[in-house]
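Remarks on the structure that follows.
Chains as they are written, first to last, in the working numbering: chain A, 71 to 372; chain B, 431 to 502; chain C, 363 to 763.
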């Protein structure tokens with residue numbers, strides 16, 4: 071089992087003829103994903119590694135079942151692309167694009183709510199269910215992806231795309247594989263937060279523990295802590311908190327657009343306190359995560 | 431000065447304007463340019479940007495365009 | 363990007379939000395002149411991009427132009443939280459009956475803009491929310507359906523406000539919301555919004571932040587306000603080192619290399635990507651290292667950019683060695699990064715095996731990259747060595763633990 075995607079998930083890539091998207095298409099295909107079409111306005115009739123290109127999303131959805139869409143277009147076109155996919159009835163939208171203004175992200179997310187669609191991102195590398203499918207640039211080429219991501223029982227959620235790979239690589243080297251890893255995005259407004267994805271992992275019998283990568287800024291860690299306290303989740307959670315040095319530098323933005331300390335609640339110290347209070351184990355280094363996971367699983371008699 | 435990559439183009443390719451133009455077109459990092467007489471000129475400062483894509487050597491008869499890694 | 367109060371008031375004024383009479387002054391003489399034009403009781407406010415002005419002595423009162431001149435001179439000479447004021451805002455002072463708070467922000471949990479109103483203005487809104495939640499009314503806003511005045515009216519009436527107060531406040535709230543949405547603001551606050559003795563309302567102080575990503579879309583407005591592209595408006599102005607970093611990043615459009623923040627240590631850091639940089643800077647500090655800088659590399663920068671960044675870091679006084687480290691990369695190429703840093707070190711006149719404390723970038727094209735590193739005798743590690751351990755080894759090489 072897995073969450074969000076598996077080898078049967080069909081998806082399209084919007085902006086498929088762009089430089090990054092061409093690479094992504096090839097990487098996803100090589101990894102075994104079902105990329106059934108691509109969209110670039112005015113380029114209908116072409117193909118990218120055998121994937122047919124269309125002018126509109128509906129030209130594809132009218133012909134076949136499409137489960138997901140990857141939005142890989144420049145920031146000025148991202149809102150339109152996402153709204154097009156949602157209005158064509160696609161239910162899983164992965165937005166890779168960086169630097170979309172927050173007001174437009176809010177529009178996308180509000181529209182998605184009305185269309186009953188789930189959004190991952192923006193500013194993310196996508197989703198991977200190791201050994202079965204990936205949707206987005208996560209992990210890079212199929213060969214590099216196989217090196218870093220092993221199938222297994224850990225769910226991974228991360229605000230950093232690159233650190234998703236680092237963490238999964240560390241887990242894999244320690245003999246712990248991954249059910250599904252989600253790069254949730256580094257923006258201040260994102261479609262799916264840790265807490266919003268938790269019920270999906272809860273419902274997946276193969277997932278036995280969760281690892282999250284977190285940063286200063288934003289309320290998502292506090293939201294997860296509150297969720298865990300309220301729901302008494304069956305899944306132990308281990309967190310890594312990067313950017314602890316930022317607590318001394320309020321008002322400075324580092325790394326991702328959402329990574330800034332604007333108030334006490336944004337600091338790493340406060341987030342660590344909240345997470346520990348909710349029973350989350352906070353790792354002092356990425357390398358320490360596998361042992362902590364094993365410990366937590368043992369405590370639960372797994 | 432290039433430190434990592436050297437490119438050698440056989441005179442049979444370098445001296446012909448049409449082939450020179452093709453070289454300029456295939457290279458994604460602008461290692462080739464055309465002289466005023468439309469023969470090939472190698473852009474020294476771009477050599478180290480070579481991504482080893484081999485598009486240049488694949489576009490011509492074997493041995494006529496060679497990409498040499500100076501660190502091997 | 364934060365606006366100075368005097369700029370924010372220009373924006374609010376254009377939208378039709380009532381403001382005190384006043385003008386911005388760059389010198390004590392100008393302040394005196396403005397004070398003469400306004401007359402009566404005056405307030406002088408330091409124009410800095412930070413809070414806590416009152417406590418720091420950045421806000422003064424005066425009753426004559428001569429007094430205004432004297433107070434302005436004091437304010438202009440006073441740095442607040444390390445910031446020298448850009449100017450002093452001189453405004454007329456009115457008798458206030460009650461202060462309110464109006465704000466619009468993004469609520470990341472609801473994923474919508476949020477309008478907040480409180481009848482306890484003038485103090486920290488978070489404190490009010492904690493201690494007096496009954497004095498706060500909230501409304502989540504749609505970004506798809508245009509804001510209507512009745513929504514503002516409902517929020518106001520939810521606080522038990524009625525009569526002339528309600529009808530006078532309604533358009534002010536509505537205008538603030540429209541300003542927020544129209545100009546890609548991430549924060550729009552009027553605090554306090556004052557009700558005067560005569561029943562009229564004035565925006566006494568305000569705070570507007572525009573999203574960095576939207577600056578280009580509002581280039582004309584920013585130009586009208588005299589805000590240059592190079593004004594970063596971060597918590598502190600960029601250092602010359604940071605400005606040169608941005609120039610390196612602008613050499614070409616391939617990838618990112620050059621977003622730097624300056625520290626005062628001796629270990630130069632060539633690190634990435636976004637999350638990896640945060641993780642690595644923490645790790646270096648944890649092991650007792652003193653970073654000379656923070657930086658972010660990502661998206662496969664050109665060899666030229668990586669090499670120029672390396673040169674920049676090495677040119678910083680006090681930098682003894684550099685550590686080159688990233689998380690497992692899938693887009694950035696290990697061989698291109700190896701070429702870039704080695705080239706930068708050699709062109710700076712140093713030996714790569716001496717200057718590079720450690721190279722830890724595993725991932726795409728790593729075999730090719732490791733070949734280059736071996737040729738130059740640079741110590742490198744692969745993905746079996748963790749980020750934390752790589753950082754520790756770099757610090758050990760600096761000769762302290």
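We put the CB at the ideal spot given by N, CA and C, even for glycine.
Keep in mind that this is a model prediction, so the values were computed, not measured.
- Put simply, the backbone Cα of residue 101 (chain A) is about 13 Å away from that of residue 221 (chain A).
- Exclusion of the five residues before and after residue 598 (chain C) leaves 444 as the residues of its chain whose Cβ lies within less than 7 Å of its Cβ.
- For residue 488 (chain C), the enclosing alpha helix (DSSP H) covers residues 487-493.
- For residue 701 (chain C), the enclosing alpha helix (DSSP H) starts and ends at 696-709.
- Residue state for residue 677 (chain C) is assigned as helix, using DSSP reduced to three classes.
- In this structure, residue 506 (chain C) and residue 177 (chain A) form a Cβ contact; the two beta carbons are roughly 6 Å apart against a cut-off of 8 Å.
- Counting only runs of 4 or more residues that sit fully inside the region 310-364 of chain A, the alpha helix (DSSP H) segments are 338-347, in chain order.
- Residue pairing by DSSP places residue 108 (chain A) opposite A:83, A:123 in a beta bridge.
- Between residue 387 (chain C) and residue 365 (chain C), the alpha-carbon positions lie close to 16 Å from each other.
- Against residue 665 (chain C), the close residues of chain B are 478, 479, in the order they occur along the chain (beta-carbon pairs closer than 7 Å).
- Taking the Cβ atoms as the reference, residue 239 (chain A) lies roughly 16 Å from residue 223 (chain A), outside the contact range of under 8 Å.
- DSSP, read as helix, strand or coil, puts residue 518 (chain C) in helix.
- Counting along the chain, residue 478 (chain C) sits inside the beta strand (DSSP E) bounded by residues 474-480.
- A check of alpha carbon separations from residue 695 (chain C) across C:491, C:562, C:724, C:720 identifies C:724 as the nearest.
- DSSP lists C:622 as the bridge partner or partners of residue 657 (chain C).
- Classified as exposed, residue 89 (chain A) has fewer than 16 neighbouring CB atoms from the shown chains inside 10 Å of its CB.
- Of A:252, A:71, A:225, the smallest CA-CA separation from residue 246 (chain A) is found for A:225.
- Taken through DSSP and simplified to helix, strand or coil, residue 458 (chain B) comes out as coil.
- In the three-state reduction of the DSSP assignment, residue 204 (chain A) falls in the strand class.
- Under a criterion of Cβ atoms nearer than 8 Å, no residue of chain A is adjacent to residue 742 (chain C); the nearest Cβ is some 17 Å distant.
- DSSP places residue 418 (chain C) in the helix class (H, G or I) of the three-state scheme.
- Shown in chain order are the members of the region 196-215 of chain A whose Cβ falls below 7 Å from a Cβ of chain C: 207, 209, 210, 211, 214.
- With a cutoff of 8 Å on beta-carbon distance, residue 141 (chain A) and residue 156 (chain A) are scored as not near each other.
- Boundaries for residue 158 (chain A): no alpha helix (DSSP H) harbours it, and the DSSP string shows neither H nor E there.
- Those residues of the region 431-452 of chain B placed with their C-beta closer than 8 Å to a C-beta in chain C are 433, 434, ordered along the chain.
- Only 688, 689, 690, 691, 692, 693 from the region 682-693 of chain C bring a Cβ to less than 9 Å from some Cβ of chain A.
- Under a criterion of Cβ atoms nearer than 7 Å, the residues of chain C adjacent to residue 502 (chain B) are, in order, 733.
- Against residue 673 (chain C), chain B offers no close residue; the least beta-carbon distance is about 14 Å (beta-carbon pairs closer than 7 Å).
- Close to residue 701 (chain C), with beta-carbon spacing below 7 Å, are these residues of chain B in chain order: 434, 478.
- Across the structure, residue 450 (chain C) and residue 436 (chain C) are spaced so that their CA atoms are roughly 10 Å apart.
- A straight-line Cα-Cα distance of about 21 Å links residue 337 (chain A) and residue 750 (chain C).
- Taking a C-beta cut-off of 7 Å against chain C, the contacting residues of the region 171-183 of chain A are 171, 172, 173, 176, 177, 179, 180, 181, listed in chain order.
- Among the CB atoms of chain C, one or more fall inside 8 Å of the CB of residue 169 (chain A).
- By the Cβ test, the region 636-647 of chain C is in contact with the region 315-332 of chain A, since at least three Cβ pairs between them sit closer than 8 Å.
- Not a single C-beta of chain B is nearer than 8 Å to the C-beta of residue 422 (chain C).
- For the region 530-547 of chain C, residues whose beta-carbon sits nearer than 7 Å to a beta-carbon of chain A comprise 543, 546.
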